[in-house]
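Heads up: the sequence lines are chains A and B, in that order. Residues 0 to 240, numbered by numbering that gives the first Met the number 0, are exactly what the first sequence covers, in order. Residues 0 to 82, numbered by numbering that gives the first Met the number 0, are exactly what the second sequence covers, in order. For glycine and all other residues, C-beta sits at the position ideal for the given N, C-alpha and C.
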Amino acid sequence: MAKESTLTTSDRMQDLLLESPGFPEFLLGLATLSASLLGSDGQITCTITVERDGGLATVASSSAEGRRLDETQYSFGEGPCLTALRQQRLVWVPDLLGDERWNGYAEAASQEGVRSVLAIPISTEASSRAGLNCYARTTNAFNEESVVLLEQHAASMSRVLRIALRLHGADVHPEHLRAALKSRAVVDAAVSLIMLQHRGGRDGALEILRLAAKSSNRRMHAIAHDIVLGAELPATRHDGA
Amino acid sequence: MYPYGADGPEQPDWAGEDCNGTAQRFRDADLALDKLWIYYYGIGGDIDEVSLDAYLHDALDIPASQVSLIATAMTEMSEGETL
């Protein structure tokens, strides 16, 4: 019985891997799957946190409440899940209010109605860290049995998460590269428009853009953006400063 | 022959002496090569990072149009980091 349900879960995780368009969607599926493993009544919220290269974090939550709880931890810079994630060890908090380890966080979390927390590390590759976090509205919501169940679950998630991290090399395009890509796309679109209007070459079009930016003291990609949105094209390549 | 000069009848306008100015500015600005290249790429630059490096070390001549873009990239970057 237990074996059969484990099998089903791992099948569902593989399906997630195949069907998710991106890493956030995959994680969301994993969080939802984990929550359903703990009961279908929605009493327990699961979130999964993945930190890549020490900084960029992806958080997926089976409910909006869980997302807020995770963000609360990040704003405090501490909490059971961050400890589990960063020290890669299990953190079990039967009663948040009776626990003195995370004062500020415990207060904020109990205002959300959370009373017990279980946070389990999920082992991944050296360049990333992951953890599964479970929140419940009652004290002592997690017992020895659920700890064992979730540790097994974390172990089976480890494999599929490693594959997902490779598959969705989401950080191939971190923020500054995405900004460059976006800027380039806009500049290229504006260049195409200028070329068409002037029946000119690419270099000439870029020069028109550059001079327009210079004479109006704005950035090239801002000028390009305006042009793509339908602003009048700069008249000649010799106007302005 | 540099491939991007092929879109007009005129000869590519080789930058020649202007090189020194931009290359010197790069050295003075203490700018990371990869950051400059990414920014330059973002505003439409067409030469690869290795060629940019060579140009900045006075080891390669590139078309004036690219030199202008590199200069613009440096100026825009000095006014604020983000694209």
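CB contact below 8 Å: M219/A versus chain B: yes
Helix, strand or coil at G4/B [DSSP, three-state]: The predicted model places G4/B with a pLDDT of 43, which falls under 50 and marks its position as unreliable, so this point remains unresolved.
Closer than 7 Å at the beta carbon, the chain B residues around L205/A: G43, S64, L68
Element boundaries [beta strand (DSSP E), containing R100/A]: That residue, R100/A, is in no beta strand (DSSP E); it is neither H nor E in DSSP.
E124/A versus I162/A: straight-line alpha-carbon distance, rounded: 10 Å
Sufficient close CB pairs (3 or more, under 8 Å) joining the segment 15 to 29 of chain A to the segment 136 to 154 of chain A: no
Best match in A108/A, R85/A, S115/A, E77/A for proximity to D94/A [C-alpha to C-alpha]: S115/A
beta-carbon T71/A near the ligand GTP non-hydrogen atom, thresh 7 Å: Looking at this structure, you won't find the ligand GTP or any other ligand, since it has none at all.
Within 8 Å, strictly: CB atoms of I279/A and A83/A: Because chain A in this structure spans residues 0 to 240, residue 279/A falls outside the shown range and cannot be described.
For A140/A, the three-state DSSP class (helix, strand or coil): coil
Partner residues on chain B for L176/A, Cβ-Cβ distance less than 9 Å: I37
Partners in chain A for T21/B, counting only beta-carbon separations shorter than 9 Å: None at all; the shortest Cβ gap to chain A is about 14 Å.
Contained alpha helix (DSSP H) runs [length at least 4] in the segment 67 to 95 of chain A, N- to C-terminal order: 79 to 86
Bridge partner(s) assigned by DSSP for A59/A: I47/A
Environment of D202/A [buried if 16+ CB atoms lie within 10 Å]: buried
Host alpha helix (DSSP H) of S50/B (start-end): 48 to 55
Presumed contact (8 Å Cβ cut-off) between Q87/A and L81/A, rounded CB distance: Going by Cβ atoms, the distance from Q87/A to L81/A rounds to 12 Å, so no, they are not a contact pair.
is_contact[R209/A, chain B] using C-beta, thresh 8 Å: yes
Boundaries of the beta strand (DSSP E) in which V66/B is found, first to last residue: Taken as a continuous stretch (DSSP letters only), V66/B belongs to no beta strand (DSSP E), being part of the alpha helix (DSSP H) at 63 to 77.
Chain-ordered neighbours of E75/B on chain A, where CB pairs are closer than 9 Å: A212, R218, M219, H220
Rounded straight-line distance, which links the Cα of R51/A to that of R128/A: 7 Å
Selected residue, minimal CA-CA separation from A189/A, among E106/A, G199/A, S155/A, I226/A: I226/A
Beta-carbon contacts of V92/A that lie in its chain and below 7 Å, excluding the five residues immediately before and after: P79, D98, S115, V116
Start-to-end residues for the alpha helix (DSSP H) that takes in P23/A: 22 to 36
Min CB distance V186/A to chain B below 8 Å: yes
Identity of the residues DSSP links to N132/A by a beta bridge: T46/A, A118/A
Closer than 8 Å to chain B by CB, D238/A: With a pLDDT of only 42 at D238/A, under 50, the local geometry of the prediction cannot be trusted, and the value read off the model is given with reservation. Judged by the 8 Å Cβ criterion, D238/A is not in contact with chain B.
L232/A and Q196/A closer than 8 Å at C-beta: yes
Under 7 Å by beta carbon: chain B residues contacting V92/A: Per Cβ cutoff of 7 Å: no residues; V92/A is ~40 Å from chain B at best.
Cross-strand partners of S127/A (DSSP beta bridge): R51/A
DSSP three-state assignment for E64/A, whether helix, strand or coil: helix
L15/A - DSSP class collapsed to helix/strand/coil: helix
Closest Cα partner of L32/B within the set E48/B, I42/B, G44/B: E48/B
Alpha-carbon to alpha-carbon, S19/A and L68/B: 40 Å
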